[in-house]
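Colleague:
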Amino acid sequence: MKIIRWPVLTFALLALLTGFFAIGQFDRNVIRGDVESVATEALDAMVRVGGLDMSVYRTSIRLDDVSVVDPGNKLKDIFHASVVDIDADMARFFEKRIVLRSVALSNGYLRLNQTEKGRFDFLSDAAVGGAAGEPTLLRVSRILSWTADQVNPMNVLARAPLPLPVPAPDSPDEVERYTRQPPLVKKEAEQVVRGFRLKLPRDYPDLLVNALSAEGVSIELVPYHRGASVLFHGLRGGATDLSSRPSKFPKPIVAWLTGYVGAGTDSPLIAATSVDLYGGRTNVTVEFSVTNVNLLAALPFIRGYTAYAAMLDIQSGVLTAHGKIEIRDGRPAPGSVYCRIDGFSGSFAALGKEFPWLQDMTVSDTTLEMVVPIDAKRPYFHLEQAFEKQQMRTSIKNFKLKINAKELGGDALDGMLKKGRK
Amino acid sequence: MKTGEIIPWCAHAVRKAFGHPSAFRVAPSIAAGVALGVTSPACATAFVFWLAVILVFRTHLRSVLAGVLAGLAFKPFVAARCEAVGMRLLRAHEEFWREMLGAPVICYFQLEKARMMGALVLSARAFAVALVAVAAAIICYRVISSPRFRAFIVSLFTPKASA
Chain A
1 MKIIRWPVLT
11 FALLALLTGF
21 FAIGQFDRNV
31 IRGDVESVAT
41 EALDAMVRVG
51 GLDMSVYRTS
61 IRLDDVSVVD
71 PGNKLKDIFH
81 ASVVDIDADM
91 ARFFEKRIVL
101 RSVALSNGYL
111 RLNQTEKGRF
121 DFLSDAAVGG
131 AAGEPTLLRV
141 SRILSWTADQ
151 VNPMNVLARA
161 PLPLPVPAPD
171 SPDEVERYTR
181 QPPLVKKEAE
191 QVVRGFRLKL
201 PRDYPDLLVN
211 ALSAEGVSIE
221 LVPYHRGASV
231 LFHGLRGGAT
241 DLSSRPSKFP
251 KPIVAWLTGY
261 VGAGTDSPLI
271 AATSVDLYGG
281 RTNVTVEFSV
291 TNVNLLAALP
301 FIRGYTAYAA
311 MLDIQSGVLT
321 AHGKIEIRDG
331 RPAPGSVYCR
341 IDGFSGSFAA
351 LGKEFPWLQD
361 MTVSDTTLEM
371 VVPIDAKRPY
381 FHLEQAFEKQ
391 QMRTSIKNFK
401 LKINAKELGG
411 DALDGMLKKG
421 RK
Chain B
1001 MKTGEIIPWC
1011 AHAVRKAFGH
1021 PSAFRVAPSI
1031 AAGVALGVTS
1041 PACATAFVFW
1051 LAVILVFRTH
1061 LRSVLAGVLA
1071 GLAFKPFVAA
1081 RCEAVGMRLL
1091 RAHEEFWREM
1101 LGAPVICYFQ
1111 LEKARMMGAL
1121 VLSARAFAVA
1131 LVAVAAAIIC
1141 YRVISSPRFR
1151 AFIVSLFTPK
1161 ASA
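If you read the sequences in order, they're chains A and B.
Under my numbering, residue 422 is the last one in the first sequence; the count climbs by one each step, no gaps.
Under my numbering, residue 1163 is the last one in the second sequence; the count climbs by one each step, no gaps.
(1) Cβ of Val84 of chain A less than 7 angstroms from any chain B Cβ?
(2) Let's test the definition: count the other Cβ atoms within 10 Å of the Cβ of Lys1113 of chain B and tell me whether it reaches 16, buried, or not, exposed.
(3) Going by Cα to Cα distance, which pick from A:Leu52, A:Leu13 and A:Met46 is closest to Val30 of chain A?
(4) Between the beta-carbon of Phe1047 of chain B and the beta-carbon of Pro1041 of chain B, is there less than 7 angstroms?
(5) Quick check on the DSSP output: what are the complete alpha helix (DSSP H) runs of length 4 or more inside the segment 50-130 of chain A, in order along the chain?
(6) Which residues share a DSSP beta bridge with Gly237 of chain A?
(7) Below 9 angstroms on C-beta distance, what does Ile4 of chain A contact in chain B?
(8) What would DSSP say about Asp34 of chain A, mapped onto helix, strand or coil?
(9) Mark Arg303 of chain A as exposed unless 16 or more other C-beta atoms lie within 10 angstroms of its C-beta, in which case mark it buried.
(10) Which residues in the same chain have their Cβ closer than 6 angstroms to the Cβ of Ala255 of chain A, if we skip the five residues on either side of it in sequence?
(11) Can you round the beta-carbon distance between Leu319 of chain A and Ala298 of chain A to whole angstroms, since I take them to be within the 8 angstroms contact cut?
(12) Taking C-alpha atoms, which residue in B:Ser1029, B:Met1100, B:Ser1022 and B:Arg1015 lies nearest to Ala1126 of chain B?
(13) If you measure beta-carbon to beta-carbon, which residues of the segment 1078-1110 of chain B are closer than 7 angstroms to chain A?
(14) So Met1116 of chain B is in the alpha helix (DSSP H); what residue range does that whole segment cover?
(15) In the DSSP assignment, what are the bridge partners of Ala272 of chain A?
(16) Return yes when the Cβ of Gln385 of chain A is within less than 7 angstroms of the Cβ of Pro223 of chain A, no when it is not.
(17) List the whole-angstrom C-beta distance separating Met54 of chain A from Val69 of chain A, where the pair is believed to meet the contact cut-off of C-beta under 8 angstroms.
(18) Could you confirm whether any beta carbon from chain B is found closer than 7 angstroms to the beta carbon of Val8 of chain A?
(19) Under three-state DSSP, which class holds Pro1021 of chain B?
(20) Can you pull the chain B residues whose beta carbon is under 9 angstroms from the beta carbon of Phe20 of chain A, in chain order?
(21) Going by beta carbon distance, what residues of the same chain come within less than 7 angstroms of Lys251 of chain A, once the five residues before and after it are set aside?
(22) Alpha carbon to alpha carbon, how far is Leu207 of chain A from Ser243 of chain A?
(23) Less than 7 angstroms between the beta carbons of Ser106 of chain A and Glu215 of chain A, yes or no?
(24) Mind checking the segment 1108-1127 of chain B against chain A and listing, in chain order, the residues whose C-beta falls within less than 8 angstroms of any C-beta there?
(25) Alpha carbon to alpha carbon, how far is Ala1130 of chain B from Leu1065 of chain B? Give it in angstroms, no decimals.
(26) What does Arg197 of chain A touch in chain C if you count any residue whose Cβ is under 8 angstroms from its own?
(27) Using a Cβ-Cβ cut-off of less than 7 angstroms, give me the residues of the segment 198-213 of chain A that come near chain B, in sequence order.
(28) Does DSSP classify Ser347 of chain A as helix, strand or coil?
(29) Mind checking Pro7 of chain A: buried by the 16 CB within 10 Å criterion, or exposed?
(30) Does Arg1150 of chain B come out as helix, strand or coil in the three-state DSSP assignment?
(31) Can you pull the chain B neighbours of Gly193 of chain A, defined as C-beta to C-beta under 7 angstroms?
(32) Quick check on Arg97 of chain A: buried or exposed, where buried means 16 or more other Cβ atoms within 10 Å of its Cβ?
(33) Can you tell me which of A:Ile3, A:Phe348, A:Glu41 and A:Arg58 puts its alpha carbon nearest to the alpha carbon of Phe21 of chain A?
(34) Check the Cβ of Lys96 of chain A against every Cβ in chain B and list those closer than 7 angstroms, keeping chain order.
(35) Beta carbon of Phe348 of chain A, beta carbon of Met361 of chain A: below 7 angstroms?
(36) Determine the DSSP secondary structure at Pro332 of chain A, reduced to helix, strand or coil.
In structure tokens, the structure reads:
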């Protein structure tokens, strides 16, 4: 006796296969529209996708001319990429996870805005304000979790909310969403948590990118304080093991970057970093090297971190720096950064309150070389220790110092002379 | 219409409406229809499960429709109890369900939600009850409508001729 309706089963499987084939071959415009609308809603910024090419069998997606329009200024993009190639792992889909084996981005542009606290944010101030102060990392993580949840085919039918029993007016704790169910079998009232959900162990991230690579990318940094933006161009780099829950993934994020700083200049930049956030720890290592960076271009950004930058009246200078910065368990580890400023011209007048003898000092075309210690005490970079430990060397060519001993008093030169006597 | 013709007439009307499916098809068809009827489409897992059962197995669609109509009558009572039943089951064996519901593919069914789990359990219970009830009704009908049973009943009221 036949039990199963084989024609229906065959038809259902055929329809499924045809659907997969149709998605891959004919329905790209519909999917492109969906990608645009979902991304626009999630980011609060208009997202445009020029073209989409996807293969269900190879689980790969290729997006052409992807751009995100700045909500604060509709004429500008905050992100643009000519080509984004994504290769996904289909097997992980059955675990309700999105695992991307590789993401390759080429000819991209990204604009990052410095915030008042010195962080660099993807969205403009207007969009960040619209997000009600939610940190970008948290927001992105929430968006990714939401996206992973949306791929559940069961959710297609579950759109309509189930009518729930009206809570009793004398509900004991409305805040915790407790309500009384009408007694059906038992006579006594039964207390039921509405919307109860068993917490499943999610010891893995919802989204994992095994390898991210980028080539020919430009990043524009916009300072919070008044000043011109800085363009990092010709960037080439990569990152491994980026995940939406780094505290649940044992491998650290490793990233590297090479490129040039400043539009139309050849100031090379090399950086490598390792970020380990597994199990709640925060271990970060950054090694960097920049050569011949225009100091004036960097000043607007430095103002966000130290008051000295605003106090010094710097007219010119070229910065070369390299070093290793380590954060162990959330605290900066002792270390040092080598800095060298060539062709430095500036005035120290604003430092006159702390060092009276510097009040009328100006230098020009000077070389300043120092090893700045780093430790866990604020402001972390200790210029004053570099002075004290004499980890500083200078070659002053044009030096001008006006001293009016009558005005400054008898101990005006103490700061200089004490050093000389030792 | 004579009293003795009522049962054959009902049988004829049922056959006219439902065709000539076998009892093995009618019982599970009505039961699956009831299960589908008591389940809300919002409880997608249970709804899809019973829909798949109806489509894939050799169910009799007119019986399914009758079952759905019967199930819809009980739907408000079942929907109000889903949350409580699901929560009680999930809390009774939390470790087991955590391990089971986090597994690949099963994680899509959202049975960790008390409402979904309750809907599946209650609709399965409705299926079982309906299956037993319909099977019992069919057996009774078969027995009552058989000529031998009628002859037996008639013989009970017919005085035996004395030898």
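All C-beta atoms in this analysis are idealised placements derived from N, C-alpha and C, irrespective of residue type, glycine included.
Modeller: Reading from the atomic positions:
(1) Residue-level contact by beta carbon fails for Val84 of chain A and chain B, as no gap is shorter than 7 angstroms.
(2) Classification for Lys1113 of chain B: buried.
(3) Nearest C-alpha to Val30 of chain A: A:Leu52.
(4) The answer is yes: Cβ separation under 7 angstroms.
(5) Correct list: 90-93 and 125-130.
(6) In the DSSP output, where bridge partners are listed per residue, Gly237 of chain A has A:Ala214 and A:Leu257.
(7) Within chain B, the residues near Ile4 of chain A are Val1056, Phe1057 and Arg1058.
(8) Secondary structure at Asp34 of chain A: helix, using DSSP grouped into helix, strand and coil.
(9) Under this definition Arg303 of chain A is a buried residue.
(10) Excluding the 5 residues flanking it on each side, Ala255 of chain A has same chain C-beta neighbours closer than 6 angstroms at Ala239 and Thr273, in chain order.
(11) Correct: roughly 7 angstroms between the Cβ atoms.
(12) That would be B:Ser1029, whose Cα lies nearest to the Cα of Ala1126 of chain B.
(13) Closer than 7 angstroms at the C-beta level to chain A, one finds these residues of the segment 1078-1110 of chain B: Ala1079, Ala1080, Arg1081, Glu1083, Ala1084, Met1087, Leu1090, Glu1094, Trp1097, Arg1098, Leu1101, Gly1102, Pro1104, Val1105, Cys1107, Tyr1108, Phe1109 and Gln1110.
(14) Per DSSP, Met1116 of chain B belongs to the alpha helix (DSSP H) from Ala1114 to Ser1145.
(15) Answer is A:Trp256 and A:Glu287.
(16) Not closer than 7 angstroms, so no.
(17) Not a contact, Cβ separation roughly 24 angstroms.
(18) With a threshold of 7 angstroms between beta carbons, Val8 of chain A makes contact with chain B.
(19) Assigned with DSSP and collapsed to three states, Pro1021 of chain B falls in coil, not helix or strand.
(20) Here the premise fails: no neighbours, minimum Cβ distance about 17 angstroms.
(21) So the qualifying residues of the chain are Asp241.
(22) Distance between the alpha carbons of Leu207 of chain A and Ser243 of chain A: 6 angstroms.
(23) In this structure, Glu215 of chain A lies closer than 7 angstroms to Ser106 of chain A by Cβ.
(24) If the cut-off is 8 angstroms between Cβ atoms, the segment 1108-1127 of chain B has Tyr1108, Phe1109, Gln1110, Glu1112, Lys1113, Ala1114 and Arg1115 near chain A.
(25) CA-CA distance, Leu1065 of chain B to Ala1130 of chain B, rounds to 14 angstroms.
(26) The chain labelled as chain C is not found among the protein chains of the depicted structure, namely A and B.
(27) Against chain B - using a Cβ distance shorter than 7 angstroms - the residues of the segment 198-213 of chain A are Leu198, Leu200 and Pro201.
(28) Shown here, Ser347 of chain A sits in a strand according to DSSP, grouped into three states.
(29) Pro7 of chain A is exposed by the Cβ-count criterion.
(30) DSSP places Arg1150 of chain B in helix when its eight states are reduced to three.
(31) The displayed chain sequence assigns Val, not Gly, to residue 193 of chain A. By Cβ distance, chain B contributes Met1087.
(32) Residue environment for Arg97 of chain A: buried (at least 16 other C-beta atoms within 10 angstroms of its C-beta).
(33) Checking every option, the nearest Cα to that of Phe21 of chain A belongs to A:Arg58.
(34) Result: Cys1107 and Tyr1108.
(35) Yes, they are a contact pair.
(36) In this structure, Pro332 of chain A counts as strand in the three-state DSSP scheme.
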